[in-house]
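Undergrad: Take this structure first; my questions come after.
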């Protein structure tokens, strides 16, 4: 993966070529990479290169010499790594001796020893190649760097927190609306109860007034009747000495 092209910044078409090259190197085992993923990977590798360069000790990062050559333009000899991890290679155990061969085949023992020696050499070569592959791991072309992953996690956490805050605020608003409706209902009920109590009091006072007025009318009628009776008695007492034709009640 090229970082610079003739010591100039890569353009859009260059990054597209880089993404295609990285995707082809994966041989279909990983998802295809985009231009943005390649840019982010390069930036993270450059940041690590700067931090490794600023360290006092020699860098043990396998990609450090390559990046140092690309960014500085000249390969500088790296001091020997003193704190490299010690790799222990398991001793190669020879295969168990073959069972004794029949008499007819025993004369070909020299050829069998040659085959065993070739197998042993192949086994040692396999062990050494595995050890070399462990010392020089392949270049990681995966663009999911820890920094980018951390940014995605932060954005996801922030989004979840914003959703939780919105849900909490919405619940608080709904609770306040419910409390307002309940308070308004209580006010309406109290007002209606007071109105009904007032109407009952007014009806009671009107009934009492009607009763008193009836009593007053009855007393007035009684007084008028008594007055007329007294007047009639007076006229009756006075008319005893007068002509009967002048008495009250006769024409």
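Residue numbers (full-length UniProt numbering): 1 to 251.
From the three backbone atoms N, C-alpha and C, an ideal C-beta is built for every residue, glycine too.
These numbers come from a predicted model, not from an experiment.
1) Should residue 23 and residue 33 be called a contact, given that it needs their Cβ atoms to be closer than 9 Å?
2) My understanding is that residue 38 touches residue 15, with C-beta atoms under 8 Å, so please give their C-beta distance in whole angstroms.
3) By the DSSP assignment, the alpha helix (DSSP H) with residue 54 in it spans what residues?
4) How many angstroms separate the CA atom of residue 69 from the CA atom of residue 63?
5) So, residue 44 versus residue 53, is the Cβ gap smaller than 9 Å?
6) So, for residue 226: in the same chain, excluding its five sequence neighbours on each side, which residues have a beta-carbon less than 6 Å away from its beta-carbon?
7) Chain D beta carbons: is any one of them nearer than 9 Å to that of residue 189?
8) Taking the CB atoms as reference points, tell me whether residue 71 and residue 46 lie closer together than 9 Å.
9) Can you grab the Cα-Cα spacing for the pair residue 170 / residue 186, in whole Å?
10) Give the secondary structure of residue 61 by DSSP, where H, G and I count as helix, E and B as strand, and everything else as coil.
11) From the DSSP output, in three-state form, read off residue 198 for me.
12) Determine the direct distance from the alpha carbon of residue 66 to that of residue 163, and round the result to whole angstroms.
13) Tell me whether residue 104 sits in a helix, a strand or coil according to DSSP, three-state version.
14) Count the other CB atoms, across all protein chains shown, that sit within 10 Å of the CB of residue 189; report buried if there are 16 or more and exposed otherwise.
15) Would you kindly work out how many angstroms separate the C-alpha atoms of residue 25 and residue 175, rounded to a whole number?
16) Return the first residue and the last residue of the alpha helix (DSSP H) that residue 31 is part of.
17) What's the gap between the Cα of residue 155 and the Cα of residue 193?
TA: So, to answer that:
1) yes
2) 6 Å
3) 35-54
4) 10 Å
5) Contact: no.
6) none
7) In the displayed structure, chain D is absent; only one protein chain is listed.
8) yes
9) 24 Å
10) Three-state DSSP puts residue 61 in coil, outside helix and strand.
11) helix
12) 45 Å
13) At residue 104, the pLDDT of 44 sits below 50, so the modelled position is not reliable; the number obtained from the coordinates is stated separately. Assigned with DSSP and collapsed to three states, residue 104 falls in helix.
14) exposed
15) 59 Å
16) It is not in any alpha helix (DSSP H) - residue 31 carries neither H nor E in the DSSP assignment.
17) For residue 155 and residue 193, the distance between alpha carbons rounds to 57 Å.
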